[in-house]
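For the sequence shown, my numbering gives the first residue as 16, with consecutive numbering after it. Backbone N, C-alpha and C fix where the C-beta goes; we use that ideal spot for every residue, glycine too. Being a predicted model, the structure only gives us computed values, none of them experimental.
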Amino acid sequence: MQILRLLNKKFTIFFFLFFTAAFSNEPVDIWNIDKKKNKNENSDNNRLNNENKKNSISTDIKNETIIPITEENNLNLKKDYLVGIYDPSDNDLSINMWEFSDGEKISKIIKKIKKLNLSEDAKEIYNYVILTNSFPPKKNFSKEKFLEIKIDWLIQNGDLELIKDFVIKNKKEKIDPRLLKYYLDQNLSMADLENACKLFSFLESYSDDDYVSKYKIYCLINEKKNELAQLQFDLIKETGFKDIFFEEKFNFIMGYSEKSDSKISEKNLLDFHLSHLTSNDFKYLTNENTDKIIWRYLSSFNLLENLNEIDIEDPEKIISIEKATNNGNYLEKDLLNLYTRYRFSINQLITVLESYKMLSGHESRALLYQGFLISKDTKSKIELLKTLKEQFDKDDIGDAFNNELVRILEEFDEKEIPSNYSDFYNYYLADKKNSNKKIKFNNKIIHQSKLLNYFSDDMDIEKVEKELEKKLKKIKKNKKYYFSTKDIILIESLIYDGIKISDKYSSILELYNSNIPTDIEVMINDGEMAMILLRLVEIIGEDDLNNLGSESLYFILSTLNKLNIDKIRNNIILKTFPLKV
């Protein structure tokens, strides 16, 4: 790893560095050396003016060629290990970002975050803070607990590519079998056995686990490596492994026996797959309690029951189909087609919005959908769609009617949508509309101007200073111009990066306050970088950044400025500031 290479290079100057570092109490971020060197060379004077704001939390050593390493730090590097995906410098973070935080407080806030259905924006920041290579907290938090929160998040988040990256980058460590099981099962459930088995080519070590070992043996057989499979099987048998079901399937697949037990095992997904693999006439009837991962497996291997053959008089079966559709195992359009098989009276179809209330959940959804199909005017159709969506959401199966709802709404003429249903219409088509919009600069407004190019590294500091000065000069003459909160955020971010503005314009910023919460201010002063990021994740929660108010954005970005976390800050600015048309 990068840090170990650096240690080897500097070992010969250890004693000199020991005395150099002994007079410094500041933690050293050895991952961020020379970060933003160009910015500092162009703006040293301005950076000095802001030094007092940052010296309590900064862990970066700028423009140094020698890395101070104390004896204590050196011992810590030997005792502690770094497990993660991202280098701290990738996102302007620090290898010591957890150092000053209390483990009990960390556990408490992570427990809160686990209960939230985090937005993609919140997930992105949470990925950075949890999966960055860094030392664990020193107080009330063990190395084992530190690794556990990483594994828990990888499983909860369910991003298989992220898990694969984690395994590859930490292949020398003993990977938690929980993570391996999750990765193997998820790939198998999607009929991607090749990708599942590739995991073993990345691993150098993993904790002993019978289930993972069974997967490895099966993968070897699947790859036509029967001799290695036999050797692996013999090895685990010598350790006391005993699994009658697996051994029976192993003997059959290897060709040692001519018959296999037709009994289907649901104990785990691998056993279920082996049951399917060794059966000439595999049939499995789902029900409301069928595990989600088995539903996905059946869908991926085309083993699901044909909905045209489903008995609509069996309510449990219909409910299980709805839940399976919610989990993505049946197509939404197939479920809607199933609803058309229900038979309703003429009176029920005429009085849909009253009659559905007297029916059970799946029957009410079927009636509402049929009512929508026979309606003629836009108002009635929209009203029935809205009510139908509410009925799906009410029974916690809202994802069974998302894609089809968007497809249907796209067929309407927006001009014909009644005003009292415009929010409903726009809410479900928002992503579609925004994806088609292009960024447009508006140089009359600071936070929508070409100054935004700076945050994507497309504009150097000298050019930014000239452009900003020119805009402020022009705006000062325009008494009608209103400085928005986003304007102030942009200007303050530029100043934090060392960009100079004339004193005559500094009064613009004096009336504005980012209102950073007191607990975050305290953590900034205490240098609790990771804990602050966790707090920001909790605050963003289930909201998209674009849906946050300007004041919330202000204190989030002000916090990142004070922490000198420019890369995450820039990403947020570029997501929320540009004008899209």
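Query: Kindly indicate the opening and closing residues of the alpha helix (DSSP H) around Gly386.; Result: 376-389
Query: Determine, using beta-carbon pairs with one atom in the stretch 471-481 and one in the stretch 530-546, whether at least three such pairs fall under 8 Å.; Result: no
Query: Cβ of Asp117 within 7 Å of Cβ of Asn155?; Result: yes
Query: Out of Leu199, Ser204, Ala206, point me to the one whose CA is closest to Ile232's CA.; Result: Leu199
Query: Just checking my contact of Asp349 with Leu383 at CB under 8 Å: how many whole Å lie between their CB atoms?; Result: In fact, because the Cβ distance is near 17 Å, the residues do not count as touching under 8 Å.
Query: Is the stretch 559-569 touching the stretch 498-517 in the sense that three or more CB pairs, one from each, lie closer than 8 Å?; Result: yes
Query: Report the option in Tyr354, Asn302, Glu369 whose CA atom is closest to the CA atom of Ala339.; Result: Asn302
Query: Considering only residues of the same chain and omitting the five flanking positions on each side of Ser220, which have a CB-CB separation below 8 Å?; Result: Lys186, Lys187, Glu188, Lys189, Ile190
Query: Taking the alpha-carbon of Lys130 as reference, which of Ile510, Gln171, Glu209, Phe427 has the nearest alpha-carbon?; Result: Gln171
Query: In chain order, which alpha helix (DSSP H) runs of at least 4 residues are fully inside the stretch 549-586?; Result: 565-578
Query: Following the continuous alpha helix (DSSP H) through Ala415, name the residue where it begins and the one where it ends.; Result: Note, Ala415: premise wrong, no alpha helix (DSSP H); not H, not E.
Query: In its own chain, which residues sit with a C-beta less than 8 Å from the C-beta of Gln245, not counting the 5 before and 5 after it?; Result: Met269
Query: Lys481: which of Met373, Ala137, Ser517 sits nearest, CA to CA?; Result: Ser517
Query: For the alpha helix (DSSP H) containing Phe115, list its first residue and its last residue.; Result: Per DSSP, Phe115 belongs to no alpha helix (DSSP H) and is neither H nor E.
Query: One question on the structure: do Lys590 and Leu560 come within less than 7 Å of each other, judged by their Cβ atoms?; Result: yes
Query: In the DSSP output, which residue or residues are listed as bridge partners for Lys154?; Result: Asp117
Query: Straight-line CA distance for Asn53 to Ser471?; Result: With a pLDDT of 42 at Asn53, under the threshold of 50, the modelled position of that residue is not reliable, and no figure is offered here.
Query: I'd like to check one pair, Lys404 with Phe12: are the Cβ atoms closer than 7 Å?; Result: What the structure shows of the chain is the stretch from 16 to 596, and residue 12 is not part of that stretch, so it cannot be assessed.
Query: Ignoring anything shorter than 3 residues or poking outside the stretch 204-236, list the beta strand (DSSP E) runs there in chain order.; Result: none
Query: Around the Cβ of Val537, are there at least 16 other Cβ atoms within 10 angstroms (buried) or fewer (exposed)?; Result: exposed
Query: Considering just the uninterrupted stretch of the alpha helix (DSSP H) at Ile110, what are its terminal residues?; Result: Note, Ile110: premise wrong, no alpha helix (DSSP H); not H, not E.
Query: Just to confirm my understanding: we take Lys582, look at its own chain, exclude 5 residues before and 5 after, and list those with CB closer than 6 Å. What are they?; Result: Asn106, Asp107
Query: Between Trp310 and the rest of its own chain, which residues show a CB-CB distance below 7 Å, the 5 nearest in sequence each way excluded?; Result: Thr301, Ala339, Asn342, Asn344
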